[in-house]
Amino acid sequence: MLIWSRKGRAAARALAVTLFAGVFLLPLAVILLSSLSKQWNGLLPTGFTFAHFVNAFRGAAWDSLFSSLMVGFCASLLALLCGMGRRWRCASMARRYRNILAAFYLPSAIPSVSVGLGILVAFSQGPLQMNGTFFIVLAAHFVLISAFTFSNVTTGLARISADIENVASSLGASPWYRLRHVTLPLMTPWMISALALSLSLSMGELGATVMIYPPGWTTLPVTIFSLTDRGNIADGSALTIVLVGVTLLLMMKLERIARRLSQR
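All residue numbers in the sequence shown are consecutive under the UniProt record's numbering, ending with 264.
Printed below as a string of structure tokens:
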């Protein structure tokens, strides 16, 4: 709906700012205050301290952060490679077979708890047993983020004109040469954007991970959940701020690289 009057536009902007502040900024502000509070029995904290950050990292928080980064990068890179391969394979198929592309978006429609339960049941016995290992967590994260990676890759390939590859082919370039020197350089910004999105989704994943994580591979969201479940809200809030900060820094760095490459 278009708003033509000046008062109407001002009211719309004020409403948008209010909703943004209430939905996005207020929860983060409360978590930040909780992580810095000495005691919070009233409307506002009675004092501030960094002790909760110190307490949080005295335990296994460093290991949890490493586990989150390890799982996130491995699952994101694997999803990116598989997404690129699937998309190029489907692009070369006959048009009547391209409806199978919709199947690649199926994981995004399945609740993460269902994914976790399915992977736990499927890989807890038999020749593909992965229960109690890093690979079962990797499998769950891969399933959950692969649809979003595939979507970004599909969007990037759709923006590349087919004439570019046709010209390279007419000049005698082999398929491998076209892929390496034509398609991949044009796709790199989209690939990095897909990696950033997948990494951010993996870093915050909890529903499936809490059902399947083995000892030694506790991710940061699981550690935060455990702290808050035991009533240690302040230490959990401190780790939440760390998780948000690390994820934002990684996404900003990757998006900056993608923007720089897209301007070349």
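Don't be surprised by glycine CBs; every beta carbon is placed ideally from N, CA and C.
In angstroms with no decimal places, state the Cα-to-Cα distance between N152 and I212.
-> Cα atoms of N152 and I212: separation of roughly 28 Å, rounded to the nearest angstrom.
Considering R13, what are the terminal residues of the alpha helix (DSSP H) in which it resides?
-> Unbroken alpha helix (DSSP H) run through R13: R6 to F20.
Leaving aside the five residues before and after A56 along the sequence, list all residues of the same chain whose C-beta is less than 7 Å from its C-beta, in chain order.
-> D235, A238 and L239.
Under a Cβ-count criterion, where at least 16 other Cβ atoms within 10 Å of its own Cβ denotes burial, should H181 be classed as buried or exposed?
-> Exposed: under 16 other Cβ atoms inside 10 Å.
DSSP three-state assignment for F148, whether helix, strand or coil = Correct three-state label for F148: helix.
Cβ of W217 within 8 Å of Cβ of V143?
-> No, the Cβ-Cβ distance between W217 and V143 is not below 8 Å.
Taking DSSP as the reference, what is the three-state secondary structure of S37?
-> If DSSP states are grouped into helix, strand and coil, S37 belongs with the strands.
Supposed close pair G204, G116 - CB separation, criterion 8 Å = Rounded, the Cβ-Cβ distance is 15 Å, inconsistent with contact.
Do T223 and A61 have their CB atoms nearer than 8 Å?
-> Cβ atoms of T223 and A61: closer than 8 Å.
Among residues of its own chain, excluding the 5 on either side of G132, which ones have a beta-carbon nearer than 6 Å to its beta-carbon?
-> The answer, listed in chain order, is P214.
Excluding five sequence neighbours on each side, which residues of the same chain lie with their C-beta closer than 7 Å to the C-beta of K38?
-> P45, T46, G47, F48 and T49, listed in sequence order.
Sequence-distant residues of the same chain with beta carbon closer than 6 Å to G83, five excluded per side = Cβ within range, chain order: T149, F150 and V153.
Distance between A158 and N166 (C-alpha atoms, nearest Å) = Rounded to whole angstroms, N166 to A158 spans 15 Å at the Cα level.
In its own chain, which residues sit with a C-beta less than 8 Å from the C-beta of L28, not counting the 5 before and 5 after it?
-> So the list reads V244, once near-sequence residues are dropped.
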